[in-house]
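Down below is the structure, laid out as structure tokens.
Residue numbers (the UniProt record's numbering): 1 to 790.
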């Protein structure tokens, strides 16, 4: 398995909880696999079809070449037959060539005589157009005549230059002077072409099609003639190369028959080149199409430059709201390009590439200027709109659309945006935590109350409001990656925040209990060691916030998971699920701390259970304890959220039973004649209280512990105790052997050795039971049972 695959698997399975999502991940991956295979099959079929078409085209081409070769052979044979059919063919051919040479010399003479007048006329026409001004609505009526006459003059000039290569020095000098006279006219015509090209987009908007069509005709003609000149240059280059190779091998091949055939080929090529030159008319490429296209691109570049210079400094990002003209220009070109330009040029595509290039430069500059999060969203939104416009208004297919910011910059932008959000979230949360923890420690005022009048800390509301806002903003980016990243980071911050609260709670609780244990007055404590009052209320507020937090996290999950693809749904749900578990854990810790404070206040009363004073006065001890519970529960009903209160009351019941029987650890020997009645008395008091707030069935189920206690207390045989213990394990699967140890230690009829032996047997019974019923094993509050230290 490759490292890439292992990395992807590791990204999907980061924690033990992710193992539960493996079936869902497997289904999702299989669906993606089927989708990819389907796309691959379609792509393969498409490529195969193109390959078959290519092979068929090659086959047709081969046949065409064979036909061409056959026809050329026929022409060659006809040429040889014609030569042999005419008597004295060589004389006739030479006479014809001589006549053609005389005629050509006459043409050259006439053109030389008219050269200055033609050049003067071209200059005059150029000056007339330049003086009139080349504007977007100009007609430039002399454009075609200028081009025609100037082309003839340039062709003639190049021909003279070629002919003068074998002439004397003074002839060459004369030709050079002639060419020098031509250069100003060339420069004027070039400037006219350039000016028309610079305003071609605006000319299209002005519907000045006549001018653009005439320019396009000139460029089309020039492109074709340049192609001929290029082919001629390549032919000449090949002939020169053959002559060079022949010269190098002349000494080796003089006696070879191949040498003669080689000379024939060269001679044949030379004649062919001379014939082709007569058809070409020019020897050098003039590249007017490139000149015009450079002018068009320059005008587009300047337009973007002017737009960019309009928005500078703090306003530079406003340019994103002022680029509609780009789409308007492209729409105009799409509408008119077929009218004005040859179809083979595909001018809309060329214009589009220019506009894309300079629009991309602007967007990339904005990205590199390290924009704020809101600007990053604007850039992403601009890119999204650009993609939609290209598809809907211009008919681009999805696979042909390229992001205006580019794939690499898009990824960078998304990461920058996510990083900025994370930095801001870190800053905001740090400030919130600093203030709220300081307020928690000082407790100068009672906790705030929410809209339902329950205790709450203001920081929690701000934290989740911030989370909601940032998730909403991330959703606006239209990127599941961003939303996933924001939620993941916030959940990690929540986890860190929960751990900080837990540490602070433990520190404050320990300080509070230590201060109450030392039994000193506030006047005897200095400011550094004094614990502020109101810890109980603040813990309740914190616990309430965890309940609210869980509800808000569930709302956020419902709202945002549906907005992303399946790729991110599992990830987001998993992260939010962990955060909800963290809230539940912290709320449970808060309840434990609240119970610790509650029972610290009544610890002196509860600790008297099974003492000598308990037998006659136990009811008063317990009634006083229950009265305290009653007062506290009434306050909690107003202070705690209903869900928290619903968890607190059963925990209070559990803690009461555990603390009651923890007193067995004091090893006070039972008064067997009285203990039964006293326990039943206590059960009645406790049941009367707890049944007011908790379902009677639940209270009765947990009070079974008292039945177990009394039942074991009356059994004398070890085997009977073991048998009863096994039965009660069915109800409390984790019933602690320490409970039995406490009972037996307080019985007068069980010695230390006998107790240890029986407890050891019970421990073995517990292990066997846990192993046999591992699938259905359920933990209960009795698994937390501990004996008080004597």
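We put the CB at the ideal spot given by N, CA and C, even for glycine.
Query                                                                                                                                                                       : Result
When burial is assigned at 16 or more other CB atoms within 10 Å of the CB, is residue 374 buried or exposed?                                                               : exposed
Does the contact criterion of 3 or more C-beta pairs under 8 Å hold for the region 428-442 versus the region 392-402?                                                       : no
On the three-state DSSP scale, how would you describe residue 785?                                                                                                          : coil
Assign residue 268 to one of two classes, buried (16 or more other C-beta atoms within 10 Å of its C-beta) or exposed (fewer than that).                                    : Confidence at residue 268 is low in this model, with a pLDDT of 48, below 50, so its placement is unreliable and no value can be given for it.
Does residue 750 come out as helix, strand or coil in the three-state DSSP assignment?                                                                                      : coil
Restricting to Cα atoms, I'd like to know which of 549, 91, 372, 532 is closest to residue 458.                                                                             : 549
Does the Cβ-Cβ distance between residue 541 and residue 456 come in under 8 Å?                                                                                              : yes
Just to confirm my understanding: we take residue 780, look at its own chain, exclude 5 residues before and 5 after, and list those with CB closer than 7 Å. What are they? : 732, 733, 734
Apart from the five residues on each side of it in sequence, which residues of its chain come closer than 8 Å, Cβ to Cβ, to residue 145?                                    : 125
Considering Cα atoms alone, identify which of 63, 498, 538, 495 is closest to residue 512.                                                                                  : 538
Out of curiosity, what's the CA-to-CA distance linking residue 137 and residue 35?                                                                                          : 55 Å
Looking only at C-alpha atoms, which of 744, 680, 454 sits nearest to residue 641?                                                                                          : 454
Can you grab the Cα-Cα spacing for the pair residue 270 / residue 236, in whole Å?                                                                                          : For residue 270, the predicted model reports a pLDDT of 48, less than 50, meaning its position is unreliable; a value from the coordinates is still stated below. When rounded, the distance between both Cα atoms is 8 Å.
Straight-line CA distance for residue 60 to residue 387?                                                                                                                    : 41 Å
How should residue 159 be labelled, buried or exposed, when 16 other C-beta atoms within 10 angstroms of its C-beta is the threshold for buried?                            : buried
If you draw a straight line from the C-alpha of residue 115 to the C-alpha of residue 161, how long is it?                                                                  : 15 Å
What separation, rounded to the nearest whole angstrom, lies between the Cα atoms of residue 336 and residue 296?                                                           : 16 Å
Runs of 4 residues minimum, wholly inside the region 149-231: which ones carry the alpha helix (DSSP H) assignment?                                                         : 169-198, 200-205
Just verifying my parser: in three-state terms, what is the DSSP assignment at residue 351?                                                                                 : helix
Quick check on the burial criterion: 16 or more other C-beta atoms within 10 angstroms. Buried or exposed for residue 751?                                                  : exposed
According to the Cβ coordinates, are residue 483 and residue 560 closer than 8 Å?                                                                                           : yes
So what's residue 256 in DSSP terms, helix, strand or just coil?                                                                                                            : Low local confidence applies: a pLDDT of 44 at residue 256 is under 50, so the model's placement there is unreliable, with the coordinate-based value given in what follows. Reduced to three states, the DSSP call for residue 256 is coil.
May I ask you to verify whether the region 310-327 touches the region 360-372, counting CB pairs closer than 8 Å and requiring at least 3?                                  : yes
I believe residue 299 touches residue 198 by the beta-carbon criterion, under 8 Å. Please report the beta-carbon distance rounded to the nearest angstrom.                  : 4 Å
According to DSSP, what are the bridge partners of residue 448?                                                                                                             : 456
If the criterion is Cβ atoms closer than 8 Å, does the pair residue 766 and residue 702 meet it?                                                                            : no
Go ahead and pull the three-state DSSP assignment for residue 43.                                                                                                           : helix
Do you know whose CA, among 786, 344, 372, 727, lies nearest residue 665's CA?                                                                                              : 786
Nearest by alpha-carbon distance to residue 208: which of 140, 149, 622, 193 is it?                                                                                         : 140
Shortest alpha-carbon distance to residue 615 belongs to which of 430, 205, 672?                                                                                            : 672
Kindly indicate which residue of 589, 558, 592 has the alpha-carbon position closest to the one of residue 577.                                                             : 558
Going by DSSP, what residue range makes up the alpha helix (DSSP H) through residue 731?                                                                                    : It is not in any alpha helix (DSSP H) - residue 731 carries neither H nor E in the DSSP assignment.
What distance in whole Å lies between the Cβ atoms of residue 591 and residue 543, which are believed to be in contact at a cut-off of 8 Å?                                 : 6 Å
Name the two residues that bound the continuous alpha helix (DSSP H) containing residue 623.                                                                                : 614-639
For residue 478, collect the residues of the same chain with a Cβ closer than 8 Å to its Cβ; drop the 5 residues on either side in sequence, then sort them by chain order. : 380, 381, 384
Using the Cα positions of residue 226 and residue 284, report the straight-line distance between them to the nearest angstrom.                                              : 7 Å
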